[in-house]
Amino acid sequence: LTKVKNYQPAVRPGFVATHGFTPSDKGLLISAVPQASRSATGRDILELDLETGDFENLTSSPMEWDELPLALPRSDGIVWVTDRNIEPPRDRQLPRRGDVWMMSASGRRQERLTFFNHPESKDFLGEALIDDLAWNREGDRLLVHVVSAGAPGSGKVEQAIYLVEFDG
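Quick note on this note's numbering: the sequence shown kicks off at 1 and runs consecutively.
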């Protein structure tokens, strides 16, 4: 190995995970708790600049769990997993829950893509946790690994891989 560089963003220690490069390839997409004083449950999506070592908070949501950011192939957007707009179940069976969202590179435009945790959706799974994402090369299909617990108190935990296909 040559040209090894160490990045240590000024975030809460022990709560940093790298997930890949930014769409511009000039930074890293990470999930972390951005302030040492903030609760560990408020993980955000950050863009770490490889030149300066500074980071920009793309989600800024201290009461939400954001993780698994991935750059969209052939685009400047990002997908990630969040528990935004998901009501916590009374008898929680999974450590967290989440659905996939997409944002523009600036983070200004954000849209929910999956509804595994939305009771009125045809895709509702009860309680669902997404723990992995992967794009195909063209950027029109996304693999989503989902762990679901069904109805509260069911004691049933299952997992499945979903293929999400995009039009246009």
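Using N, Cα and C, we set each Cβ at its ideal position, and we do this for glycine too.
Legend entry - Stretch-stretch touch, CB-based, cutoff 8 Å, three pairs: the segment 88-104 with the segment 49-56: Contact between the segment 88-104 and the segment 49-56 is absent, with fewer than three C-beta pairs closer than 8 Å.
Inset, instruction - Kindly indicate if chain B contains any beta-carbon less than 8 Å away from that of ARG97. - result: No chain B is part of this structure, which consists of one protein chain only.
Legend entry - Bridge partners - ALA17, DSSP secondary structure assignment: Bridge partners of ALA17 according to DSSP: SER31.
Inset, instruction - Could you pull the start and end residues of the beta strand (DSSP E) that GLN93 belongs to? - result: Per DSSP, GLN93 belongs to no beta strand (DSSP E) and is neither H nor E.
Inset, instruction - Could you tell me whether the Cβ atoms of ARG84 and GLU64 are closer together than 8 Å? - result: A distance below 8 Å separates the beta carbons of ARG84 and GLU64.
Legend entry - Under 8 Å between C-beta atoms of VAL147 and LEU133: VAL147 is not a Cβ neighbour of LEU133, given a cutoff of 8 Å.
Inset, instruction - Alpha carbon to alpha carbon, how far is TRP80 from ARG137? Give it in angstroms, no decimals. - result: Looking at the two C-alpha atoms, the distance is approximately 18 Å.
Inset, instruction - Taking GLN159 as part of the beta strand (DSSP E), name the residues at either end of that continuous run. - result: For GLN159, the enclosing beta strand (DSSP E) begins and ends at 158-165.
Inset, instruction - Identify, in the order they occur along the chain, each residue of the same chain with its Cβ nearer than 8 Å to the Cβ of GLY27, setting aside the five sequence neighbours on each side. - result: Only residues of its own chain outside the window of five on either side were considered, and among them PHE21, GLU47, LEU48, ASP49 and LEU50 have a CB closer than 8 Å to the CB of GLY27, listed in chain order.
Legend entry - Whole runs of the beta strand (DSSP E) within the segment 55-84, excluding any shorter than 3 residues: Taking 3 residues as the shortest admissible run, the segment 55-84 contains the following complete beta strand (DSSP E) segments, listed from N- to C-terminal end: 55-57, 66-71 and 78-82.
Inset, instruction - For ASN117, count neighbouring C-beta atoms within 10 Å of its own C-beta (all shown protein chains included) and say buried if the count is 16 or more, exposed if not. - result: Buried, because 16 or more other Cβ atoms sit within 10 Å of the Cβ of ASN117.
Inset, instruction - Would you tell me roughly how many angstroms separate the C-alpha atoms of PRO69 and SER75, rounded to the nearest one? - result: Approximately 14 Å, taken between the alpha carbons.
Legend entry - Per-residue DSSP class, three states only, for VAL147: Secondary structure at VAL147: strand, using DSSP grouped into helix, strand and coil.
Inset, instruction - Go ahead and pull the three-state DSSP assignment for GLU120. - result: DSSP, reduced to helix, strand and coil, places GLU120 outside both helices and strands of the structure shown, so it counts as coil.
Legend entry - Option in GLY77, THR41, LEU163 and PRO73 with minimal Cα separation from SER60: Comparing Cα positions, the closest option is THR41.
Inset, instruction - State the DSSP-derived secondary structure class of VAL100, mapped to helix, strand or coil. - result: If DSSP states are grouped into helix, strand and coil, VAL100 belongs with the strands.
Inset, instruction - Name the residue from VAL157, PHE166, VAL11 and LYS122 whose alpha carbon lies nearest to the alpha carbon of LEU94. - result: Distances from the CA of LEU94 to each of VAL157, PHE166, VAL11 and LYS122 were compared; the closest alpha carbon is that of VAL157.
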